[in-house]
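Student: These protein sequences, in sequence, are chains A and B. Quick note on numbering: the working numbering labels position 78 of the first sequence as 682, and the sequence is numbered without any gaps. Quick note on numbering: the working numbering labels position 85 of the second sequence as 382, and the sequence is numbered without any gaps. We put the beta carbon where it would ideally sit given N, CA and C, even for glycine.
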Amino acid sequence: MSGAGTETPVITVEGLVTRFGPQVVHDGLDLEVHRGEILGVVGGSGTGKSVLLRTIVGLNRPAEGRIEVLGTPVPAQTEADRERLEGRIGVMFQDGALFSSLTVRENVEVPLRRIAGLDRARRADLADLKISMAGLPWDAGGKYPSELSGGMRKRAGLARALALDPEIVFLDEPTAGLDPIGAAAFDRLIHGLSRSLGLTVFLVTHDLDTLHAVCDRVAVLAEKRVLVSGTMADMDRVDHPWVRDYFHGPRARAARAQAGGDEG
Amino acid sequence: MQSPPRPTIDVTHSGTRTEISVAGDLDVAALPRVDRALAEVPADRPARADLSEVARLDTAGAFALLRLRARLEAAGQGLEIAGADARMQAVLETVERSMPEKVDAVPARRSLKDRVEGVGRAVADAGQMSLELLNMFGMILARLGRVIVRPGELRVTALVHHAEAVGFQAVPIVALMSFLIGIVLAFQGAVQLRQFGAEVFVVDLLGISILRELGVLLTSIIVAGRTASSFTAAIGSMKMREEIDAMRTLGLDPAAMLFLPRVLALLLMLPILALIADAAGLIGGAIMAWAVLDISPPMFATRLVEGTDVANLIIGIGKAPVFALIIGVVGCHAGMRVRGNAESLGRQTSASVVTAIFAVIVADAVFSVLLAEVGV
Chain A
605 MSGAGTETPV
615 ITVEGLVTRF
625 GPQVVHDGLD
635 LEVHRGEILG
645 VVGGSGTGKS
655 VLLRTIVGLN
665 RPAEGRIEVL
675 GTPVPAQTEA
685 DRERLEGRIG
695 VMFQDGALFS
705 SLTVRENVEV
715 PLRRIAGLDR
725 ARRADLADLK
735 ISMAGLPWDA
745 GGKYPSELSG
755 GMRKRAGLAR
765 ALALDPEIVF
775 LDEPTAGLDP
785 IGAAAFDRLI
795 HGLSRSLGLT
805 VFLVTHDLDT
815 LHAVCDRVAV
825 LAEKRVLVSG
835 TMADMDRVDH
845 PWVRDYFHGP
855 RARAARAQAG
865 GDEG
Chain B
298 MQSPPRPTID
308 VTHSGTRTEI
318 SVAGDLDVAA
328 LPRVDRALAE
338 VPADRPARAD
348 LSEVARLDTA
358 GAFALLRLRA
368 RLEAAGQGLE
378 IAGADARMQA
388 VLETVERSMP
398 EKVDAVPARR
408 SLKDRVEGVG
418 RAVADAGQMS
428 LELLNMFGMI
438 LARLGRVIVR
448 PGELRVTALV
458 HHAEAVGFQA
468 VPIVALMSFL
478 IGIVLAFQGA
488 VQLRQFGAEV
498 FVVDLLGISI
508 LRELGVLLTS
518 IIVAGRTASS
528 FTAAIGSMKM
538 REEIDAMRTL
548 GLDPAAMLFL
558 PRVLALLLML
568 PILALIADAA
578 GLIGGAIMAW
588 AVLDISPPMF
598 ATRLVEGTDV
608 ANLIIGIGKA
618 PVFALIIGVV
628 GCHAGMRVRG
638 NAESLGRQTS
648 ASVVTAIFAV
658 IVADAVFSVL
668 LAEVGV
């Protein structure tokens with residue numbers, strides 16, 4: 605499963621149409637995500653990045669089109685399909701979406717409860733491991749989400765998303781609202797985990813630094829579809845006003861200079 | 298799709314070393330089995346784990362292996378992990394870096410001291426809350442005084458809007474509730490009084506109990522449930538979204554803009570609602586008296602006017618403004634106590650209803666005692 609299957613997409617979206625009432629969000633959207641890569645999805649506000657994420661994980665029902673995740677159609681048609689996907693994808697929502705009545709450790713334990721025969725002590729140990737992997741201090745496990753900062757809530761959300769060692773994680777704006785140091789640390793965390801655990805990462809972001817630092821490939825959402833997808837270098841060659849503005853604006857130049865400086 | 302291969306774990310003891318050979322998926326689903334198997338590895342000799350047959354190793358599997366290693370190392374032995382490919386090595390390293398430090402964080406048991414402290418805190422909080430309520434009450438009174446001096450500052454549109462929400466829209470529920478209470482009271486009264494042949498006193502029973510106590514009290518309870526919660530929710534969500542802070546920075550006074558129109562609307566509407574409730578309750582009682590006791594409506598009216606002192610009505614309606622102030626102040630205050638998250642909004646909303654109803658009933662009891670003292 606390692607390396608060999610880089611060509612088989614783990615997520616396939618074909619001809620996706622999403623509508624909310626009369627408003628069409630996606631019209632004939634195609635997208636492929638390959639195993640082990642970190643895909644950054646960018647686009648202006650209101651282009652349906654988060655909607656796309658929600659649709660792929662099965663929270664929104666598409667009006668038309670076909671979505672396959674790990675060879676299973678989404679939304680799941682049968683109970684068997686649903687079970688097949690369970691535990692193989694993890695989602696980190698924008699603000700962590702932690703259950704506010706549970707401590708961080710209990711939040712991470714929630715998905716682990718599905719494992720038959722796992723006793724409480726071991727479940728707590730495993731949750732602590734995930735919390736520590738997500739870069740939280742050891743004493744964060746006993747805290748409630750309201751006692752955490754925004755960045756820590758995101759990390760806790762990531763720990764919960766990783767609880768069952770999924771093959772794909774979906775991250776919705778992982779660095780939004782973080783200070784630059786916290787955002788850079790989160791970028792490194794995502795990159796490191798993805799590489800060492802072989803995770804496929806589907807990342808919705810606005811953060812140009814994140815795109816430069818971690819993404820193998822970028823998909824640009826515009827005009828209700830994936831306008832272009834490719835590496836950051838490919839983006840330079842795209843001749844589309846929005847893409848040019850996005851990747852060549854003053855902020856983009858700063859991010860690029862930063863990324864170049866880091867590598868050099 | 299085939300089910301993932303279940304891991305097989307063979308533990309063999311070759312002289313001075315334990316050989317552990319694992320095959321299949323060493324993942325989180327298999328963790329309980331893996332744990333059981335690895336628990337049998339004795340700690341009195343070194344061990345070697347062969348992973349060359351493992352198809353998939355995830356962090357949970359790596360965790361189990363590293364825990365075994367920690368256990369053996371604690372006993373002065375060691376665990377050699379062999380046959381891991383680059384990918385497994387990466388997983389093992391990631392987990393090793395993140396192994397929770399063995400801090401024996403004993404879950405803090407609540408001792409007696411903590412409990413006493415908790416009680417103390419609750420009392421202090423209650424005292425603090427009374428002070429805050431008093432503060433809110435004073436602030437609203439001050440704004441009221443200001444508006445009386447300068448009526449131009451009153452936000453009439455907001456007042457009318459709140460009067461409609463608080464008063465007019467509550468009329469159906471208040472009237473229906475009171476009508477039904479009148480029916481119940483008349484029926485129960487009739488059953489009891491008939492034993493003494495004193496059926497006609499059911500009119501006095503209804504007149505005094507509804508006009509003096511039940512009309513205004515039940516109306517206040519319903520209004521507390523409807524209105525205190527909606528005040529808290531509205532002000533609390535503004536607090537949550539920093540709208541109140543925005544108002545302050547723009548030089549607007551939240552007390553005058555938000556609290557005063559609401560409290561004033563309650564102050565105006567609650568007596569009217571109580572009056573409506575009195576009328577509905579008496580009508581319900583009269584209908585029941587007519588149906589069960591053959592007391593005709595004209596007879597009921599005559600008896601009511603003769604037998605029931607008008608003081609009862611005045612006392613009943615007179616309590617309404619006090620209750621209105623209580624409900625309004627509690628509702629607005631709970632709204633201001635909302636902190637940045639939705640959870641506290643929910644908590645404060647339900648707390649405001651409970652507090653308002655409780656305070657109204659306490660105030661009613663105080664009224665009863667005081668009025669009994671002066672003999673009205």
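1. Of all Cβ atoms in chain B, is any one closer than 9 angstroms to the Cβ of isoleucine 671(A)?
2. So the beta strand (DSSP E) glutamate 350(B) belongs to, where does it begin and stop?
3. Around the Cβ of glutamine 645(B), are there at least 16 other Cβ atoms within 10 angstroms (buried) or fewer (exposed)?
4. Where do the N-terminal and C-terminal ends of the beta strand (DSSP E) with glycine 321(B) fall, by residue?
5. Return helix, strand or coil for glutamate 377(B), following the three-state DSSP convention.
6. Smallest Cα separation from glycine 632(B): which of Leu430(B), Asp382(B) and Val319(B)?
7. Is the distance from the Cβ of valine 513(B) to the Cβ of glycine 625(B) below 9 angstroms?
8. Taking only beta-carbon positions, decide if glycine 615(A) is within less than 9 angstroms of chain B.
9. So, under 8 angstroms CB-CB, glycine 619(A) and arginine 670(A) are touching, yes? Tell me the CB distance rounded to an integer number of Å.
10. Taking only three categories from DSSP, how would you classify threonine 599(B)?
11. Pull out every residue of the region 657-683 of chain A whose Cβ sits closer than 8 angstroms to any Cβ of chain B, in chain order.
12. Going straight from the alpha carbon of alanine 472(B) to that of glutamate 461(B), what length do you get?
13. Enumerate in chain order the residues of its own chain whose CB-to-CB distance from isoleucine 693(A) is below 8 angstroms, with the five nearest sequence positions on each side excluded.
14. Taking the alpha carbon of glycine 652(A) as the point to measure from, which residue in Val830(A), Thr779(A), Thr707(A) and Asp811(A) has its own alpha carbon closest?
15. Please report the straight-line C-alpha distance between leucine 389(B) and leucine 363(B), rounded to a whole angstrom.
16. Taking the alpha-carbon of methionine 426(B) as reference, which of Glu670(B), Arg538(B), Val671(B) and Thr652(B) has the nearest alpha-carbon?
17. Of the residues Ala701(A), Lys747(A), Val808(A) and Ile735(A), which one's Cα is nearest the Cα of alanine 767(A)?
18. Could you give the distance in angstroms between the alpha-carbon of glycine 644(A) and the alpha-carbon of leucine 716(A)?
19. Of all the alpha helix (DSSP H) runs that stay within the bounds of the region 458-507 of chain B, which reach a length of 4 or more residues?
20. What is the rounded straight-line gap between the Cα of methionine 839(A) and the Cα of leucine 803(A)?
21. Is any beta-carbon of chain B found at less than 9 angstroms from that of methionine 737(A)?
22. Suppose the cutoff is 7 angstroms on Cβ atoms and the five residues either side in sequence are ignored; what does the same chain contact list for valine 308(B) look like?
23. Confirm the yes/no value for this check: CB of arginine 724(A), any heavy atom of the ligand GDP, distance under 8 angstroms.
24. Suppose you measure from the CA of leucine 663(A) to the CA of leucine 689(A); what does that come to, to the nearest Å?
25. Just the chain B side, please: which residues come within less than 7 angstroms of glycine 802(A) by C-beta, in chain order?
26. Go ahead and label phenylalanine 620(B) buried or exposed: buried means 16 or more other beta carbons lie within 10 angstroms of its beta carbon, across all protein chains shown.
27. By DSSP, does arginine 670(A) sit in helix, in strand, or in coil?
28. State yes or no: is the beta carbon of alanine 856(A) nearer than 9 angstroms to at least one beta carbon in chain B?
29. Hey, could you find the ends of the alpha helix (DSSP H) glycine 746(A) is sitting in?
30. Under three-state DSSP, which class holds valine 635(B)?
31. Give the interface partners of aspartate 332(B) over in chain A, defined as CB-CB distance under 8 angstroms, in chain order.
32. I'd like to know whether the C-beta of serine 395(B) is nearer than 9 angstroms to at least one C-beta of chain A.
33. Name the two residues that bound the continuous alpha helix (DSSP H) containing phenylalanine 790(A).
34. Check each residue of the region 360-376 of chain B: if its Cβ is closer than 7 angstroms to any Cβ of chain A, include it; give the result in chain order.
35. Could you check how far apart the C-beta atoms of isoleucine 242(B) and valine 468(B) are, in whole angstroms? I think they sit under 8 angstroms.
36. Which one or two residues does DSSP pair with glutamine 627(A) in a beta bridge?
Tutor: The short version:
1. no
2. Counting along the chain, the beta strand (DSSP E) containing glutamate 350(B) begins and ends at 344-354.
3. buried
4. 314-323
5. strand
6. Leu430(B)
7. no
8. Residue identity differs from the one stated: residue 615(A) is isoleucine in this sequence, not glycine. By this cut-off, isoleucine 615(A) is not an interface position.
9. 7 angstroms
10. Looking at threonine 599(B) - three-state DSSP - the assignment turns out to be helix.
11. Contact annotation: in the region 657-683 of chain A, residues whose CB is within less than 8 angstroms of a CB in chain B are Gly675.
12. Straight-line measurement puts the Cα of glutamate 461(B) at about 16 angstroms from the Cα of alanine 472(B).
13. Val661, Val673, Leu674, Pro770, Glu771, Ile772, Val773 and Phe774
14. Val830(A)
15. 8 angstroms
16. Thr652(B)
17. When only C-alpha atoms are compared, the closest one is Ile735(A).
18. Distance between glycine 644(A) and leucine 716(A), taken at the CA atoms: about 28 angstroms.
19. DSSP runs (the alpha helix (DSSP H)) wholly in the region 458-507 of chain B: 468-491 and 498-505.
20. 24 angstroms
21. yes
22. Thr315, Ile317, Ala334, Glu337 and Val338
23. In terms of ligand content, the structure shown is empty, and the ligand GDP therefore cannot be addressed.
24. 14 angstroms
25. Correct list: Arg384.
26. buried
27. The DSSP-derived three-state label of arginine 670(A) is strand.
28. no
29. Segment: none, glycine 746(A) is in no alpha helix (DSSP H) and carries neither H nor E.
30. Here DSSP, grouped into helix, strand and coil, assigns valine 635(B) to coil.
31. Within chain A, the residues near aspartate 332(B) are Arg726.
32. Output row for serine 395(B): interface = yes.
33. 784-801
34. Phe360
35. For chain B, the structure presents residues 298 to 673; residue 242(B) sits outside this window and is missing.
36. Per DSSP, Phe624(A).
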